[in-house]
Amino acid sequence: MADLNHLQNLLDSKVKSLHVPGAAVGVLFDGADHVLTTGVTSVDAPAPVTGDTLFQIGSTTKTITATAIMHLVERGRLDLDGRVRQYLPGFQLADERAADELTIRHLLTHTGGFLGDIDDGESWDTGALAASIGTYDQLPQLFPPDALASYNNAGFRLLGRVIEVVCGEPYESAVSRIVLEPLGMSSSFFFPWEVATRSHAVGHAVGEDGPQVAHTWGLFREGMPEGGLVSSVRDQLRYAAFHLGASGEEPVGAATRELMQAEHVRVGVPWTGIGLPWLLDEQAGVRLVTHGGNIGNLQLSTFVLVPERGDRDTPRAPAGRHLQHDRRVDHPASPEPADGPGRARQRVQVSHPGP
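So in the working numbering, the last one in the sequence shown is 518, and the numbering has no gaps at all.
This is the structure in structure tokens:
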């Protein structure tokens, strides 16, 4: 059994020095799960962080959305290189040629070329995602599809709408049915009212007097496909085990998981490439398959797979400084952007990609 006392000591030390109220780290090593926690869920109403505490995972949600998309590809309901208009016939971008050429693969690899940062509405209605997609004719086309990679939250919002139309149900229920339920992720939720009655970390912003609770959720319903999942570190370990091949063929098979983790686009620092949609890196000769999340600098997380070793780390941390980064408006030529305002407590992963 692995001795992780050194990691617990490091976690306790870093959380204190970075003014993070609390954090959780999950490590899957040699087939065994290890959960490390420290601190509290809120400086105003402190409760200990545990392995079951819920954190907003931010842009790591993109990999959940992508897993649902690839499930539909496996079953012939989507074509990875099919054009978006094949599934959303009335879809419009500011550039008509780009709208006609745009494919599912472009969206998964951040190569759609249109502006990736999009304003959020304030709706929790079922039609919020469709309404947001209806404004994409106002997004500037920065370069043609497939010409360059630029981190694109709006593209994953569009994938969420494709899931809704193809499945004939809201994004959240489709992804729960396709991904969360088969993997036994019973402590993962999309809606704040589902989280409110369970132990969860709240976002914090750090000021001169230390971390202060930020009284905001940070996201609305149209942002669910790009960053909306709330999950426990134990559920994230279940998700990691699946993508490392330890949990069967649902929601996608081994060949599809391998395809998702392969390099589809080569990029510069901080990553080496982009998968579907994993962010790929290499450290000390070891290949890393990563993602991360940042809800407006209020909740931060990171997620790292080491496929060749069958290991995975999944940290989350509440407010404080960067233990990992990602943002709602993320960009693969720079550290991942943030989803919403502030900085938060979120799952801490032992290594991190760089959202």
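C-beta atoms are modelled at their ideal positions from N, C-alpha and C, and glycine is treated no differently.
In this text, all values refer to a predicted model and were calculated from it rather than measured experimentally.
- Just measuring C-alpha positions, the residue of 207, 216, 209 sitting nearest residue 398 is 216.
- Sequence-distant partners of residue 429 (beyond 5 residues in either direction) whose C-beta falls short of 6 Å from its own C-beta, in its chain, are 436.
- Rounded to the nearest angstrom, the gap between the Cα atoms of residue 434 and residue 445 is 8 Å.
- For the pair residue 381 and residue 458, the CB atoms are nearer than the 7 Å cut-off.
- Taking the Cβ atoms as the reference, residue 401 lies roughly 5 Å from residue 346, within the contact range of under 8 Å.
- For residue 406, the three-state secondary structure derived from DSSP is helix.
- The beta carbon of residue 247 sits closer than 6 Å to those of 254, 265, all from its chain and outside the five residues before and after it, given in chain order.
- Annotation for residue 186: no alpha helix (DSSP H) segment contains it, though the beta strand (DSSP E) segment containing it runs 185-192.
- The alpha-carbon of residue 304 is positioned some 20 Å away from that of residue 325.
- For residue 319, the uninterrupted alpha helix (DSSP H) run begins and ends at 316-330, by DSSP.
- For the pair residue 306 and residue 225, the CB atoms are not nearer than the 7 Å cut-off.
- In this structure, DSSP gives residue 255 a state outside helix and strand, which the three-state scheme calls coil.
- Between residue 189 and the set 369, 418, 207, 212, the nearest pair of CA atoms involves 212.
- Your pair residue 314 and residue 388 does not check out as a contact, with CB atoms roughly 15 Å apart and the cut at 8 Å.
- Just measuring C-alpha positions, the residue of 362, 271, 384, 339 sitting nearest residue 286 is 384.
- Boundaries of the alpha helix (DSSP H) harbouring residue 388: 387-390, taken from the DSSP string.
- In this chain, the beta strand (DSSP E) harbouring residue 444 covers 442-446.
- Distance from the Cα of residue 299 is smallest, within the candidate group 279, 288, 289, for 279.
- A distance of 7 Å or more separates the beta carbons of residue 204 and residue 175.
- Here residue 232 is not near residue 321, since their CB atoms are 7 Å or more apart.
- Exposure of residue 418 is indicated by the presence of fewer than 16 other C-beta atoms within 10 angstroms of its C-beta.
- Spanning the alpha carbons of residue 244 and residue 272 requires a straight line of approximately 12 Å.
- Non-local beta-carbon contacts of residue 341 in its own chain, meaning distances under 6 Å to residues more than five positions away in sequence, involve 231, 234, 414 in chain order.
- With a cutoff of 7 Å on beta-carbon distance, residue 350 and residue 410 are scored as not near each other.
- With fewer than 16 other Cβ atoms inside 10 Å of its own Cβ, residue 210 counts as exposed.
- Residue 439 and residue 275 have their C-alpha atoms spaced approximately 13 Å apart.
- 7 Å or more divides the Cβ of residue 170 from the Cβ of residue 404.
- Between residue 198 and residue 186, the gap from beta carbon to beta carbon reaches 7 Å or more.
- Here residue 452 carries a strand assignment [DSSP, helix/strand/coil].
- Within the same chain, Cβ atoms closer than 7 Å to the Cβ of residue 227 are found at 338, 342, 392, the five residues on either side in sequence being excluded.
- With 16 or more other Cβ atoms from the protein chains shown falling within 10 Å of its own Cβ, residue 316 counts as buried.
- In the three-state scheme derived from DSSP, where H, G and I count as helix and E and B as strand, residue 358 is classed as helix.
- For residue 424, the enclosing alpha helix (DSSP H) has its first and last residue at 417-424.
- Around the beta carbon of residue 371, fewer than 16 other beta carbons sit within 10 angstroms, so the residue counts as exposed.
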